[in-house]
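Colleague: Quick one: the structure is below, questions incoming.
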Amino acid sequence: MHWLVLIVSGALEAVWATALAASDGFRRPRPTALFAAALVLSMVGLAWAMTALPTGTAYAVWVGIGAVGTVLLAVARGQERLGAARAVLLVVLVGCVAGLKAVA
-4 MHWLVLIVSG ALEAVWATAL AASDGFRRPR PTALFAAALV LSMVGLAWAM
46 TALPTGTAYA VWVGIGAVGT VLLAVARGQE RLGAARAVLL VVLVGCVAGL
96 KAVA
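Numbering (our numbering), first residue to last: -4 to 99.
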């Protein structure tokens, strides 16, 4: 259960990072509200997951999921391009995150 919460919290990190960029310096209310809600839920989930998982591993997995998710959201929204080198590096990052879970 702790791993599931950590994965959802990592996905919420991608949501709050994307909403933060869309908030235009907190001038747009909807993205700002989404940012605040996703940030709180993401942090609460991370904190709870860390009660049973090693801190370093949990944090690295959370950041990795958030980083990959943020890039994929930007690509899906047409804000960024996904070149071959970038795709390979994201796959390597996912592999590293999976490796951390495997050895935890």
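Glycine is no exception: its CB is placed at the ideal position from the N, C-alpha and C atoms.
What do you get for Phe30, buried or exposed, if any count of 16 or more other CB atoms within 10 angstroms of its CB means buried?
Modeller: By 1-based counting over the sequence shown, the position of residue 30 is 35. Buried.
Colleague: Quick one: measure Cβ to Cβ for Gly61 and Ala12, integer angstroms, because I've assumed they're closer than 8 Å.
Modeller: Residue mapping note: residue 61 aligns to position 66 of the sequence shown, counting from 1. Residue mapping note: residue 12 aligns to position 17 of the sequence shown, counting from 1. Confirmed, Cβ separation roughly 7 Å.
Colleague: With C-beta atoms as the reference, is Ala44 less than 8 Å away from His(-3)?
Modeller: In the sequence shown, counting from the first residue as 1, residue 44 sits at position 49. In the sequence shown, counting from the first residue as 1, residue -3 sits at position 2. A contact, by the Cβ cut-off of 8 Å.
Colleague: Would you give the residue range spanned by the alpha helix (DSSP H) that Leu(-1) belongs to?
Modeller: Within the sequence shown, numbered from 1, the residue matching residue -1 stands at position 4. Unbroken alpha helix (DSSP H) run through Leu(-1): -3 to 17.
Colleague: Go to Arg81, then tell me how far its alpha helix (DSSP H) extends in each direction, as first and last residue.
Modeller: Taking the sequence shown and counting its residues from 1, one reaches residue 81 at position 86. 79 to 98 is the extent of the alpha helix (DSSP H) around Arg81.
Colleague: When DSSP labels each residue in this structure, what does Phe30 get in the three-state scheme?
Modeller: The residue you call residue 30 lines up with position 35 of the sequence shown. If DSSP states are grouped into helix, strand and coil, Phe30 belongs with the helices.
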